[in-house]
Structure formats: structure tokens, C-alpha cells
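Asker: Using the numbering used here, the letters of the sequence shown correspond one by one to residues 6 to 649.
Where a beta carbon is used, it is the ideal one built from N, C-alpha and C, also for glycine.
Handing you a structure now.
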Amino acid sequence: MIVLQCINITKSFGVEPILSNIKLDIQTGERMALVGRNGAGKSTLLKIIAGQISFDSGEVMKPKGVEIGYLAQDTGLESSLSIWDEMLTVFEPLRKMEKHIRHMEQQMSDPDLLANATRYEKLLKEYDEKQLSFKDLGGFQYEADIRGVLAGMNFADFDYSTKISTLSGGQKTRLALAKLLLTKPDLLILDEPTNHLDIDTLTWLEQYLSAYKGAILIVSHDRYFLDRIVTEVVEISRTKSTKFTGNYSAYLEEKAKRYEIELKQFEKQQDEVAKLEDFIQKNIARASTTKRAQSRRKQLDRMTKLDRPAGSEKSASFSFDISRQSGNEVLRIENLHVAYGESTIFKDLNLAIDRGESVALIGPNGAGKSTLLKAIINKLPKENGLIRLGSNVTIGYYDQEQANLKSNKLVLDELWDEHHLLPEKEIRTILGNFLFSGDDVLKPVSALSGGEKARLALAKLMMQKANLLILDEPTNHLDLDAKEILENALIDYPGTLLFVSHDRYFLNRLATRMAELVDGQITNYLGDYDYYVEKKEETKQRALLKQQEENKATQAPSSNQNDKQSFVQDKEQKKLERQRLRRIEEIESLIEGFEKTLADNEQALCDPEIFTDHEKAQQLQLQIDEANQKIEELMDEWEQLQEA
6 MIVLQCINIT
16 KSFGVEPILS
26 NIKLDIQTGE
36 RMALVGRNGA
46 GKSTLLKIIA
56 GQISFDSGEV
66 MKPKGVEIGY
76 LAQDTGLESS
86 LSIWDEMLTV
96 FEPLRKMEKH
106 IRHMEQQMSD
116 PDLLANATRY
126 EKLLKEYDEK
136 QLSFKDLGGF
146 QYEADIRGVL
156 AGMNFADFDY
166 STKISTLSGG
176 QKTRLALAKL
186 LLTKPDLLIL
196 DEPTNHLDID
206 TLTWLEQYLS
216 AYKGAILIVS
226 HDRYFLDRIV
236 TEVVEISRTK
246 STKFTGNYSA
256 YLEEKAKRYE
266 IELKQFEKQQ
276 DEVAKLEDFI
286 QKNIARASTT
296 KRAQSRRKQL
306 DRMTKLDRPA
316 GSEKSASFSF
326 DISRQSGNEV
336 LRIENLHVAY
346 GESTIFKDLN
356 LAIDRGESVA
366 LIGPNGAGKS
376 TLLKAIINKL
386 PKENGLIRLG
396 SNVTIGYYDQ
406 EQANLKSNKL
416 VLDELWDEHH
426 LLPEKEIRTI
436 LGNFLFSGDD
446 VLKPVSALSG
456 GEKARLALAK
466 LMMQKANLLI
476 LDEPTNHLDL
486 DAKEILENAL
496 IDYPGTLLFV
506 SHDRYFLNRL
516 ATRMAELVDG
526 QITNYLGDYD
536 YYVEKKEETK
546 QRALLKQQEE
556 NKATQAPSSN
566 QNDKQSFVQD
576 KEQKKLERQR
586 LRRIEEIESL
596 IEGFEKTLAD
606 NEQALCDPEI
616 FTDHEKAQQL
626 QLQIDEANQK
636 IEELMDEWEQ
646 LQEA
């Protein structure tokens, strides 16, 4: 079933076209990614589909009854309610239905109603329908769903009575995503959902979306995430849309193949056109060959001319170099203690980095990764410990928020003021390599988009020629193409790297060591992200095996005297097991008897002779209530015995 169709959607801002004749159709269960450069119009298209902005022409078709859930980029949940109460608002219709069912139960025990057979039968039928509907809509599990999603979004340790207004921006963004996931719309539209998520939360979200029954439309710059989730990719480029089947990696391969085929077809046709034009020019004036030349001209006129296939759009082009080589020991941190007020971030932390290493600092949100980087560059004071740089070490620092790029300077001056000895032409050339061309260099820095600020910050970083680069989330705000350019530049960088990133693809390409910061301590893994995941799983399995062995050792006899005791215990255990199984059979038999009694009494209540007799009807209702109570008690005991 098609849940959404976009037919020839066109949108312009002023005289500049953003989207032209966009075609899109999404089926139930489909996972589709929108990809393209920053500014290509991806978020604009999502807002059009969600009905938040208008479009110039075309049509958005949505079947009646299809629900769309949309999460804009960096949207925070604003509410005066607590975390739990806000999540409960999603299930308000179910909660009203639950109250109505409880009210109906009270009505059914009313003696006056029991005396009225018609009303009672009608109420009983309505009650059965409501109960079934309540169950089908998830009425018995919505609280468990809330707890599951909040745990997945890294709120498991939170007090759910916490007011949302007191939370940080990142926490509000995660809550907005959690609330949207709980609504379970037919079409889930997510614009950069991986922002503000640590690696554990990202992994949970991937698993959740993989099992999601509805359709999903995603904009994301996380290639690892896209490869694991999507089955279709739609590229927005030069205002047009092109669809590809498969995940992001398959899209890249297919795009390259299509370009090669289209280029060969174009070149082949160009050769054919050149031969026809040459034949016409040489033979049109000769009487003996003019008819053949005219025939070739008609053939040329009938030919559908192919356009040269558009290659990739212009990309940034840069590399990182160093002004001089550092010593072998680049950074030494010993017994570092950093605190905010009375709250200790980490204590007795140690880290050693040598020349040429590429160290990824990872860990959950709030572990103190950015704090550690700021302590290294003296932006935060330390309580105790040692931070020592090696000989000839110069630091280049990249802040994930580009906090130092909020000036009202022009883009040109922002770079030129720091390197005023260079000619303007060279500064413009460098900015051009970072896609600032023409009048772009005369924009004020404060007016730049997040992606433009990121590129300008990278340009400033490149000009420093530092031999130790400390990068805090360097891929934030970069589109997929710019990420690849940055990766290639850092792979070829001759200095040392220390960086924080949640981009697992980036980690796999760059990291030679994973430094995991948890509970104020660093654990090192000598490899990339995939190696780290593998070793973490091995450690987990070893710990589990060790625990099992310890349990066995505790239970095992330590002497011959214990052998006899163990035999007696084993015999007693088998006796208890036989008793348990017999009791399970007995309970099942009792439940079956009570259910038969229940069915007989409910059937008897439908007999006019009985339901018109107030005393008999009330007596049967009491027996029904007692039977239900007994069944419930026996089921609880049965479940406990099964778990045992």
C-alpha cells in the first residue's frame, strides 16, 4: 500500500528554484533515505510532506487515515509536564477507553441493571468489544512501551517525575524523538535523528527502526546508520530527484555505474553525430551524393540528443599539513581531576598519546569527553593532576559548536585577520577550496549556516598547520560528501589526532585506538570501532562465563563430606521438581474447571428465567466474580512455578 506520493513538486525561494518536479512514492514498510548536499532541499521537502510549508506546484497525495509523524532537525520537546506525564499524553485515547471499561464493570455489578435483561445483554456485548479493542490497541502494554523507549533513549536512570523544562537541549531533543516513536505513525519522517545520540543509543535506535512496522523517511549524514536501516535512497541534486534501490553504499556504487553508462552513451552518440555532420558537409553539394547527404541530415534531425551526464557537484578540496614535526611523546595526562562545582567529572584519569596516533575518545553522553578536550587546551581549570605536552607540540582545536565563529566579520576577514601577511588572492583561493566563492566571502560570519560555519572553521584549522589536532565532533553539520573529503584529508595528515565522534563510519576510517571514557576512567582498545565492538562483546561474554563458573564453584562440594550432602540436596531438588510439575498439572486442571464454571454461569445469565430473577442473577454474578478471582490467583501461581 502506498502511504505517500509526491507528484512533480516544485518549490522556489524568491527567484531561486530549490526543488523541480520532485517525484516520490513511499510504500508501507519501506525505509527511504533522502540524500544530497547541504542546501539541496532535503529538509524543505520533508517540511512540504509534513504540511509545514507550502509548495509552488505539484501534488502531495496521502490516503485517508494515514498518519504522519515528523521530527524536525534539533527539535526539543518543550513542556511543563514531567517526563512520564508527557509520554502518557500519547496514549490519552487509550487511557480514556480504560476509564470507560472500568465504569462499565461497575455498571455490570449494579443489581438494577441485572434485572433488565436487554440492557444487561447490550452492555455485556459492548464491554466485550471494548475489551478486545483495548487489547488490540496495546492497552495492556503502553506503560511497558514507554519504559522501553525511554530506556532506549538513555533515560533509564532518570527520575520520571523530572520536569522537562529543567532538562538540557540535547535531552529535550531525545525526548522529542522518544515521544514520536511512541505514537507509531504510518509514516515516520526523521530529519537528522542521530544528532545528540551517543553510540549505545544509536545502536538501540537502529534496532527499533529495523523492526518498525510503518514506513520511514530519513534525512541523515550518518552513513553507518543509513547502511543498516534504509532500503531505498532518493538523491536530491540540482533541484531534481533520482531514486536508487538499496542502502547508502549500494547507492554510491549504482550512481557511479549509471554515470559511466550514461557517459559512454553520450560519447558514442557524439561520435555518431560528428560522423553524420562530416558526411553531410562533404557530400551535400555533390549531385551524385546529395540525396544520401539529405537522408543523413533527416536522420540527424530525428535523433534525440543526449545531454552530457552531470557529474558530482563541486566538492571542497583541502588537506592538513604541519609546520614542524613533534617529539615522539605528544601528550601525557596523569591522575587528572576535573570538577564542575562540587560535581566531579573524572578523577585520577590517565592518557598517553604518541606521535602519529589517531585516538578516538568515545563514551556515553555526559561522560566528560568534551570536558577532557577543553582541559587539555586549558579552557577549563583542573583540580589536580598533570597535563604535559611533548616537545615542539602545537595544538589545533576544532569546537563542535563553532563557538568562536559568531562574529560579525566578513568570511574573508575572519580568515585574513589571522594571516594578514598573505595576499588577498591566496586567502580567496583557500576559501574557494572550502566552497566559498564569489560574493560568499563577503557574507557576515554570523549569517552562515551550520555547514558553512563548519567549513570555515576547518579552513582556519588547516591554516594553523598544527601537529596535534584535537577535534570535537568534526563531522557535525557536514554533509556526506564533505565528510568524505574531511576523512581523506585526516587520513593523509602527518601529525597526531585526538578526536571525539559518534560517527561510527568516521571512527572506522580514522581511529587507530579507541579510548573509552566511562565513570571517569579510560580503557584503551587498539583498533577501530568494529574491533572495539568485538572486544566489548568478548569481555561481556568472558564476564558472564566467569560469573557462571563462580556460581558453579559456590554450589559445588569442596570435600567428600560435601559429596554426601550434595547427593541429599540433589535428591531433595528432584523431589521438589516433581512436586512443582505435579502442582502445575493440578493448577491447569483447576483453571480448566473454573473456566467451565465461568462459561456455564455466563450462559445461564442469558436465560430469561434467570436474569429476570434478581436473587438468582446476583448469586450467579457473585460466582462469576469468585471464579475470575480464583483463575487470576491460580495464573499468578502458575507463572511463578513456570519461571522456577
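Check whether the segment 368-382 and the segment 442-455 are in contact - that is, three or more C-beta pairs closer than 8 Å.
Answerer: No, the segment 368-382 is not in contact with the segment 442-455.
Asker: Leaving aside the five residues before and after R585 along the sequence, list all residues of the same chain whose C-beta is less than 6 Å from its C-beta, in chain order.
Answerer: Contacts found: L646.
Asker: Report all residues from its chain with a CB closer than 6 Å to the CB of V364; omit the five preceding and five following residues, and keep chain order.
Answerer: Excluding positions up to five away in sequence, the list reads I358, L503, R518, A520.
Asker: Would you mind sorting A548 into buried or exposed? The rule is 16 or more other CB atoms within 10 Å of its CB.
Answerer: Result: exposed.
Asker: How far does the beta strand (DSSP E) with N333 in it reach, from first residue to last?
Answerer: Premise fails: N333 is in no beta strand (DSSP E) and is neither H nor E.
Asker: Output the boundary residues of the beta strand (DSSP E) element that contains I241.
Answerer: Here the beta strand (DSSP E) through I241 covers 237-242.
Asker: When burial is assigned at 16 or more other CB atoms within 10 Å of the CB, is M66 buried or exposed?
Answerer: Result: exposed.
Asker: Should E272 go down as buried or exposed, given a rule of 16 or more other Cβ atoms within 10 Å for buried?
Answerer: Counting Cβ neighbours within 10 Å, E272 comes out exposed, since fewer than 16 surround it.
Asker: Quick one, are the C-beta atoms of L625 and I636 less than 8 Å apart?
Answerer: For L625 and I636, no; Cβs fall outside 8 Å.
Asker: Are there 16 or more other CB atoms within 10 angstroms of the CB of I338, so buried, or fewer, so exposed?
Answerer: Buried, since its Cβ has 16 or more Cβ neighbours within 10 Å.
Asker: Near K177, what residues of its chain come up, given a Cβ to Cβ distance below 6 Å and the 5 sequence neighbours on each side ignored?
Answerer: Same-chain partners within the cutoff: G81, L82.
Asker: Is G455 helix, strand or coil when you go by DSSP?
Answerer: Reduced to three states, the DSSP call for G455 is helix.
Asker: Leaving aside the five residues before and after S84 along the sequence, list all residues of the same chain whose C-beta is less than 6 Å from its C-beta, in chain order.
Answerer: Closer than 6 Å at the Cβ level, and outside the excluded window around S84, lie E91, I169.
Asker: Would D232 pass as a contact of Y253 if the rule is Cβ separation under 8 Å?
Answerer: Going by C-beta atoms, D232 is nearer than 8 Å to Y253.
Asker: Quick one: is P98 buried, meaning 16 or more other Cβ sit within 10 Å of its Cβ, or exposed?
Answerer: Answer is exposed; the Cβ neighbour count stays below 16.
Asker: Would you identify the three-state DSSP class for G368, choosing helix, strand or coil?
Answerer: DSSP places G368 in coil when its eight states are reduced to three.
Asker: Do L76 and L222 have their C-beta atoms closer together than 8 Å?
Answerer: No.
Asker: Going straight from the alpha carbon of L436 to that of E457, what length do you get?
Answerer: In a straight line, the C-alpha of L436 is about 11 Å away from that of E457.
Asker: Can you check which of these residues, D61, R107, A156, S322, is closest to Y132 by C-alpha distance?
Answerer: The option with the nearest alpha carbon to Y132 is R107.
Asker: Taking a contact to mean a Cβ-Cβ separation below 8 Å, would you say S328 touches V398 in this structure?
Answerer: For S328 and V398, no; Cβs fall outside 8 Å.
Asker: Please classify F323: does DSSP put it in a helix, a strand, or coil?
Answerer: Three-state DSSP puts F323 in coil, outside helix and strand.
Asker: To the nearest whole angstrom, what separates the beta carbons of D533 and N513, a pair I think is in contact under 8 Å?
Answerer: Yes, D533 and N513 are in contact; Cβ-Cβ is about 5 Å, under 8 Å.
Asker: With 16 as the cutoff for other CB atoms within 10 Å, does Y345 come out buried or exposed?
Answerer: Label assigned to Y345: exposed.
Asker: Does the distance from the C-beta atom of E35 to that of E237 stay below 8 Å?
Answerer: Yes; because the gap between Cβ atoms is below 8 Å, this pair is in contact.
Asker: By DSSP, does A45 sit in helix, in strand, or in coil?
Answerer: Here A45 sits in coil by DSSP.
Asker: Considering only the beta carbon of each residue, do G401 and A471 sit closer than 8 Å?
Answerer: Cβ distance < 8 Å, so G401 and A471 count as in contact.
Asker: If contact is defined by three or more beta carbon pairs under 8 Å, each pair taking one atom from either stretch, is the segment 537-551 in contact with the segment 388-397?
Answerer: The answer is no - the segment 537-551 does not touch the segment 388-397, with fewer than three Cβ pairs under 8 Å.
Asker: Does the beta-carbon distance from I592 to E642 come in below 8 Å?
Answerer: Cβ atoms of I592 and E642: closer than 8 Å.
Asker: What whole-angstrom Cβ distance do Q78 and D196 have, given they're in contact under 8 Å?
Answerer: Indeed they touch by this definition, with Cβ atoms about 4 Å apart.
Asker: So G437 is in the beta strand (DSSP E); what residue range does that whole segment cover?
Answerer: No beta strand (DSSP E) contains G437, which is instead part of the alpha helix (DSSP H) from 429-438.
Asker: Write down the C-beta distance between S225 and P190 rounded to the nearest angstrom, noting that I regard them as a contact closer than 8 Å.
Answerer: Not quite, the Cβ-Cβ distance comes to about 18 Å (not below 8 Å), so this is no contact.
Asker: Can the beta-carbon of L207 be found closer than 8 Å to that of G74?
Answerer: No, these two residues do not count as a Cβ contact at 8 Å.
Asker: Is the number of C-beta pairs between the segment 481-497 and the segment 201-220 that are closer than 8 Å three or more?
Answerer: No, the segment 481-497 does not touch the segment 201-220.
Asker: Alpha carbon to alpha carbon, what distance is there between E648 and P116?
Answerer: P116 and E648: Cα-Cα distance of roughly 41 Å.
Asker: So the candidates are L639, E638, E607; which of them puts its Cα closest to the Cα of Q628?
Answerer: The option with the nearest alpha carbon to Q628 is E607.
Asker: With C-beta atoms as the reference, is Q32 less than 8 Å away from V71?
Answerer: In this structure, V71 does not lie closer than 8 Å to Q32 by Cβ.
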